[in-house]
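In my numbering, the protein residues as written are 32 to 369.
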């Protein structure tokens, strides 16, 4: 874990050196959306708010300044032209405020356990987002189905062979899942380049295609395009929490998720309706066989359910305009997850 933390810190410092000149301070009189969150707030949490807020409000988003926030968010001032820092001691006109304060227009909470402890839809929860690059690149073209099951990602033992997921959430971790999947007779382990080259040959149609990032990944800008050619995506938990961006990326282009954390979606996904669920190591071989042998009629029915679910709950979010509304946001800090 120390190795991973050091790696993340070095990455952020490099990003800051490359992008600090892009940081902006708000100096106009027009009303703004003001964001003031505590320092344990993760970058992805800020981005979740930025993208969802900007879909609804076209006013500039102004963030309370701190040196730590500037280091972590500098890269995104280069990507998003609508975010600013508030100048210390300056005054701004706030149209809406997002903060933890009880008098804020939107009182931000990080109690995501309320979501994964219930099967029902929680209207005060902000939908999680796909990888941020998908909101910067609006290309959402799709392909015909040419892959049975696709699993793609980082499977580094040093990162994912820990007890964090099992201890905190009672789930199999990614390393355990990966080691069981590779035993299946239908697994084809390939690179992103190989997938693109052979996609239309039919060789992936009745197989589970495994793409490790370490072997060469598909560029993020093209990921959803090629992902759409799969009937199913096999999802495994992240490093510190089960929820990962790839499940939403998949559902957005009509790919049925196979996962062990259906309750982390809001509302929970339902087995055989809009997902396939596995729980134990012994389930994995069975669930792969079930997906690969599923009839076209059943897959098409589930595909429609997946798209309907995504459009209903994750494509857009309508903020509750009532004064002092609670807003639950997923923050990948272990203190906020358990």
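All C-beta atoms, glycine included, are put in the ideal place defined by N, C-alpha and C.
It should be emphasised that the depicted structure is a prediction, and the values quoted were computed from it without experimental measurement.
Backbone CA spacing between residue i and residue j [nearest angstrom]
i: residue 248; j: residue 280; result: 15 Å
i: residue 37; j: residue 43; result: 10 Å
i: residue 370; j: residue 126; result: The first residue shown for the chain is 32 and the last is 369, placing residue 370 beyond what the model contains.
i: residue 311; j: residue 292; result: 12 Å
i: residue 359; j: residue 294; result: 15 Å
i: residue 193; j: residue 199; result: 11 Å
i: residue 353; j: residue 136; result: 8 Å
i: residue 345; j: residue 321; result: 27 Å
i: residue 177; j: residue 52; result: 45 Å
i: residue 207; j: residue 256; result: 29 Å
i: residue 251; j: residue 164; result: 7 Å
i: residue 86; j: residue 110; result: 16 Å
i: residue 433; j: residue 179; result: With the chain represented from 32 up to 369, any question about residue 433 goes unanswered, as that position is not in the structure.
i: residue 106; j: residue 93; result: 16 Å
i: residue 40; j: residue 274; result: 22 Å
i: residue 302; j: residue 264; result: 14 Å
i: residue 242; j: residue 119; result: 47 Å
i: residue 173; j: residue 253; result: 10 Å
Cβ-based burial, residue i [other Cβ within 10 Å; buried from 16]
i: residue 184; result: buried
i: residue 49; result: exposed
i: residue 63; result: buried
i: residue 108; result: buried
i: residue 58; result: exposed
i: residue 349; result: exposed
i: residue 55; result: exposed
i: residue 228; result: exposed
i: residue 152; result: exposed
i: residue 317; result: exposed
i: residue 213; result: exposed
i: residue 171; result: exposed
i: residue 262; result: buried
Residue i and residue j closer than 7 Å at C-beta
i: residue 285; j: residue 338; result: yes
i: residue 341; j: residue 246; result: no
i: residue 116; j: residue 96; result: yes
i: residue 304; j: residue 336; result: yes
i: residue 373; j: residue 278; result: A question about residue 373 goes unanswered here, because the residues of the chain that appear run from 32 up to 369.
i: residue 166; j: residue 186; result: no
i: residue 357; j: residue 138; result: yes
i: residue 131; j: residue 299; result: no
Per DSSP, cross-strand counterpart(s) of residue i
i: residue 220; result: 241
i: residue 288; result: 264
i: residue 278; result: For residue 278, which the question treats as bridged, DSSP gives no partner whatsoever.
i: residue 180; result: 239, 263
i: residue 358; result: 139
i: residue 307; result: 289
i: residue 129; result: 66, 137
i: residue 93; result: 65, 115
Below-7 Å beta-carbon distance, residue i vs any chain D residue
i: residue 336; result: Among the chains of the structure shown, chain D does not appear; only one protein chain is present.
Quick check: the region 353-365 against the region 63-76, are there 3 or more CB pairs under 8 Å?
-> yes
contact_flag[the region 154-163, the region 236-244] where n(CB pairs < 8 Å) is 3 or more | no
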